[in-house]
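Residue numbers (my numbering): 48 to 403.
Each remark here refers to the structure printed beneath this line.
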Ligand SMILES: C[S@@+](CC[C@H](N)C(=O)[O-])C[C@H]1O[C@@H](n2cnc3c(N)ncnc32)[C@H](O)[C@@H]1O
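What follows is the structure in structure tokens.
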């Protein structure tokens, strides 16, 4: 390739460069210095027309909304965690000794050596599965169990690998409060403020079923590595918890490849007697197109109109109203009331319980 055609091939839209630059302070503020320095190098490389520029130049999506920097990091980390980029892994916080500029040099070298393989990876949506979010959701499930006195039929949309579907298998340390079998393999801890949730409620899950546009099986090492690869490099605690949660799975999670709107309409089409049906979701609503959000809301309201004390319905959501936190809300039928139960951290590190 001549010098002029190479220059043409590496023209990168300004918003792509801008997106990488803006990620740098955002990572620093979240305590991810390693990732900040990798994105800093990516921005420099894009400006200089280097391998990262040649990789991202073809990206046609929206860099911020589609989380392009996370896609870039995820694709390289996927290779590295699989043992295919040992020179980068030597300086990676997950198993190596972080050092700069060596880590950033190695990152760019991995891109250069694997460019053709990495190209299609940019179309892959960022997908994480944050099991600690169960610490807040638990309070919602306990509330439904206590108020209905019925076993729970659990449905989840946007399940990813379905780790949250097994919320009742774990033991919890909610600040000073405890819940769950002390012998459970996985302990989830969170900072807790406000009163406890109804910890004494009798909980029995009769069925659990999730859905996702692109389900991942965390019992398959390659798919688990795929989820791990999307975590910021230095968030080692989150990665370790993911690996522990995957190891605690009783088998592949029951997650179906289907749109959330279709799943909810189908699963709520008939009234189920003798169980409380609970639809729940976390950190997925903003990805769902408006028309599909309306489809889900209408399906729930239609099903809610048929609900009664023997066949109640609940809709539990841990979703962010803004970037600083998420809200845990519960809508229940037959009454149709919607309540704010708690404010929760995005990744479940703290819960501020508000409900009496
Ligand atoms: C950020 S992940 C959150 C995963 C999980 N709920 C959690 O809290 O850890 C969002 C998930 O929603 C899924 N998703 C996005 N839009 C969807 C839709 N319309 N129908 C089903 N799943 C969807 C994505 O594939 C992704 O796995």
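Using N, Cα and C, we set each Cβ at its ideal position, and we do this for glycine too.
Mind checking whether residue i and residue j have CB atoms under 7 Å apart?
i	j	result
residue 198	residue 322	yes
residue 297	residue 264	no
residue 381	residue 350	no
residue 360	residue 376	no
residue 64	residue 93	yes
residue 395	residue 180	yes
residue 277	residue 142	no
residue 88	residue 153	no
residue 104	residue 57	yes
residue 129	residue 272	yes
residue 110	residue 62	yes
residue 205	residue 244	no
residue 258	residue 327	no
residue 100	residue 67	no
residue 365	residue 335	no
residue 295	residue 346	no
residue 135	residue 157	yes
residue 221	residue 292	no
residue 155	residue 116	no
residue 9	residue 348	The displayed coordinates of the chain run from 48 to 403. Any statement about residue 9 would go beyond what the structure contains.
residue 397	residue 238	yes
So for residue i, helix, strand or coil by DSSP?
i	result
residue 160	helix
residue 276	helix
residue 170	helix
residue 347	helix
residue 266	coil
residue 379	strand
residue 188	helix
residue 386	strand
residue 327	strand
residue 72	helix
residue 133	helix
residue 281	coil
residue 374	strand
residue 100	helix
residue 152	helix
residue 354	coil
residue 92	helix
residue 87	helix
residue 52	Low confidence applies here, because residue 52 scores a pLDDT of 45, under 50, leaving its location unreliable; read the following figure in that light. Reduced to three states, the DSSP call for residue 52 is helix.
residue 58	coil
residue 116	helix
residue 106	coil
residue 320	coil
Considering only DSSP beta bridges, list what residue i is partnered with.
i	result
residue 398	239, 391
residue 252	199
residue 257	203, 302
residue 219	226, 235
residue 332	Per DSSP, none; premise fails for residue 332.
residue 364	328, 376
residue 369	372
By a C-beta neighbour count over all protein chains shown, 10 Å radius and 16 as the cutoff for buried, is residue i buried or exposed?
i	result
residue 148	exposed
residue 240	exposed
residue 170	exposed
residue 316	exposed
residue 403	exposed
residue 383	exposed
residue 225	exposed
residue 192	buried
residue 189	buried
residue 247	exposed
residue 215	buried
residue 337	exposed
residue 329	buried
residue 146	exposed
residue 269	exposed
residue 373	buried
Counting Cβ pairs, one atom from each stretch, are 3 or more of them under 8 Å apart for the stretch 304 to 324 and the stretch 207 to 218?
no
Hey, is the stretch 158 to 176 in contact with the stretch 242 to 254, meaning 3+ C-beta pairs nearer than 8 Å?
no
For the 8 Å Cβ check, are there 3 or more pairs between the stretch 73 to 82 and the stretch 266 to 284?
yes
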